[in-house]
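Chemist:
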Amino acid sequence: MIFKGFAVGSYYSNCYIIGSEISRETAIIDPGADFNKIESLIEELKLIPKMIILTHFHGDHIGAVLDIVEKYGAKVYIHKDDAEYLKDSNINFSKQIVGKNISIKPDVLLNDGDVLELGELKFEIIHTPGHTKGGVCIKVGNIMMTGDTLFNKSIGRTDLPGGSYEELIKSVTEKIFKYDEDITIYPGHNSPSTIKSEKLGNPFFN
Ligand SMILES: [Zn+2]
Ligand SMILES: [Zn+2]
Numbered sequence: 001m002i003f004k005g006f007a008v009g010s011y012y013s014n015c016y017i018i019g020s021e022i023s024r025e026t027a028i029i030d031p032g033a034d035f036n037k038i039e040s041l042i043e044e045l046k047l048i049p050k051m052i053i054l055t056h057f058h059g060d061h062i063g064a065v066l067d068i069v070e071k072y073g074a075k076v077y078i079h080k081d082d083a084e085y086l087k088d089s090n091i092n093f094s095k096q097i098v099g100k101n102i103s104i105k106p107d108v109l110l111n112d113g114d115v116l117e118l119g120e121l122k123f124e125i126i127h128t129p130g131h132t133k134g135g136v137c138i139k140v141g142n143i144m145m146t147g148d149t150l151f152n153k154s155i156g157r158t159d160l161p162g163g164s165y166e167e168l169i170k171s172v173t174e175k176i177f178k179y180d181e182d183i184t185i186y187p188g189h190n191s192p193s194t195i196k197s198e199k200l201g202n203p204f205f206n
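Residue numbers (this note's numbering): 1 to 206.
1. Answer yes or no: do residue 8 and residue 50 have a C-beta to C-beta separation smaller than 8 Å?
2. Checking the sheet assignment: what are the DSSP bridge partners for residue 14?
3. Please report the distance separating the alpha-carbon of residue 172 from that of residue 70.
4. Alpha carbon to alpha carbon, how far is residue 120 from residue 48? Give it in angstroms, no decimals.
5. Between residue 80 and residue 111, is the Cβ-Cβ spacing less than 8 Å?
6. Have a look at 17, 31, 185 and 18 and flag the residue whose alpha-carbon is nearest the alpha-carbon of residue 11.
7. How far does the alpha helix (DSSP H) with residue 35 in it extend, from its first residue to its last?
8. DSSP state of residue 31, grouped into three classes?
9. Can the beta-carbon of residue 142 be found closer than 8 Å to that of residue 183?
10. Would you decide whether residue 99 is buried or exposed? Buried here means 16 or more other CB atoms lie within 10 Å of its CB.
11. Comparing C-alpha positions only, which one of 34, 46 and 138 sits nearest to residue 26?
12. Grab me the residues of residue 161's own chain with a C-beta within less than 8 Å of its C-beta, minus the 5 sequence neighbours each way, in chain order.
13. Does residue 198 pass the burial test, meaning 16 or more other C-beta atoms within 10 Å, or should it be called exposed?
14. Let me make sure I understand the geometry here. Which of 78, 60, 148 and 193 has the alpha-carbon closest to that of residue 181?
15. In the DSSP assignment, what residue or residues form a beta bridge with residue 1?
16. Cβ of residue 191 within 7 Å of any heavy atom in ligand 2?
17. Quick check: does the Cβ of residue 99 come within less than 7 Å of any heavy atom belonging to ligand 2?
18. Closer than 7 Å to a non-hydrogen atom of ligand 1 - does that hold for the CB of residue 163?
19. Rounded to whole angstroms, what's the CA-CA distance from residue 65 to residue 52? Just pull it up for me.
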């Protein structure tokens, strides 16, 4: 598996690139900004972007989506409960965050438990509402992208449209903490952690 993670844009949102070493087919998770940076990595690693999977609809995670679609024809995936917000630039904060109104019509609507396959890679979709209604975490083997649901020793905001503190706490305890403690989590902002380390040291769960 090819795996790269790096921060993009003024909100330092993490973009993750996950590709097959065999076919070079690739999923890009949360291309929040900095298309040029993403593009040069794709070219350098000779990757073929097929899927753009969004953990949620917020402007700091979607800024480079349309550029990637235009250049590579990748399909856009988002949970069904976030799809309408992704289209609505008044709600997705794109104007405030990346300086332009972004309206994206997704190609594929995700449901809890979906498994997306890309060559030998399997992307498991875990619906974790709380930061947004349609927020998801994405598990690939022993890593999990947690978007703005779960951060290293913190959690995402719950005061934005569709957010709910109770739901977020429930999502993490019931749907993320049940996985193997050795899984590394790669959040939407800041540095990675593990499920074990969050169970033991995240102040919101202790
Ligand atoms: Zn967010
Ligand atoms: Zn964010």
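Backbone N, C-alpha and C define an ideal beta-carbon position, used for all residues, glycine too.
Modeler: If we stick to the structure as given:
1. As a position in the sequence shown, residue 8 is number 8, starting the count at 1. As a position in the sequence shown, residue 50 is number 50, starting the count at 1. Not a contact, by the Cβ cut-off of 8 Å.
2. Along the sequence shown, one-based indexing puts residue 14 at 14. Residue 14 pairs with 7.
3. The residue given as residue 172 occupies position 172 in the sequence shown. The residue given as residue 70 occupies position 70 in the sequence shown. Going by the C-alpha atoms only, they are around 35 Å apart.
4. For the purposes of this step, residue 48 is taken as residue 48 along the sequence shown, with counting starting at 1. For the purposes of this step, residue 120 is taken as residue 120 along the sequence shown, with counting starting at 1. Computed Cα separation, rounded: 15 Å.
5. As a first step, residue 80 is located in the sequence shown; it is residue number 80 there, counting from the start. As a first step, residue 111 is located in the sequence shown; it is residue number 111 there, counting from the start. Yes, they are a contact pair.
6. Counted from its first residue, the sequence shown places residue 11 at position 11. Closest by alpha carbon: 31.
7. The residue given as residue 35 occupies position 35 in the sequence shown. Its alpha helix (DSSP H) spans residues 35–44.
8. Residue 31 sits at position 31 when you count from the first residue of the sequence shown. Coil at residue 31, not helix or strand.
9. On the sequence shown, residue 142 is found 142 positions in, with the first residue counted as 1. On the sequence shown, residue 183 is found 183 positions in, with the first residue counted as 1. Yes, these two residues count as a Cβ contact at 8 Å.
10. Walking along the sequence shown from the start, residue 99 turns up at place 99. Burial call: exposed.
11. Start at 1 with the first residue of the sequence shown, and residue 26 comes out as number 26. Ranking the options by Cα distance to residue 26, first place goes to 46.
12. Reading the sequence shown from its first residue, position 161 is the one you call residue 161. The residues are 85, 91 and 132.
13. Indexing the sequence shown from 1 puts residue 198 at position 198. Residue 198 should be labelled buried.
14. Taking the first residue of the sequence shown as position 1, residue 181 is located at position 181. With distances taken between Cα atoms, residue 181 lies closest to 193.
15. Taking the first residue of the sequence shown as 1, we reach residue 1 at position 1. DSSP lists no partner for residue 1.
16. The residue given as residue 191 occupies position 191 in the sequence shown. Checking the Cβ of residue 191 against ligand 2 gives no.
17. As a first step, residue 99 must be located in the sequence shown, where it is residue number 99. Not so, every heavy atom of ligand 2 lies at least 7 Å from the Cβ.
18. Along the sequence shown, one-based indexing puts residue 163 at 163. No, the beta carbon of residue 163 sits no closer than 7 Å to any heavy atom of ligand 1.
19. Position 65 of the sequence shown, counted from the first residue, corresponds to residue 65. Position 52 of the sequence shown, counted from the first residue, corresponds to residue 52. So the alpha carbons of these two residues sit roughly 7 Å apart.
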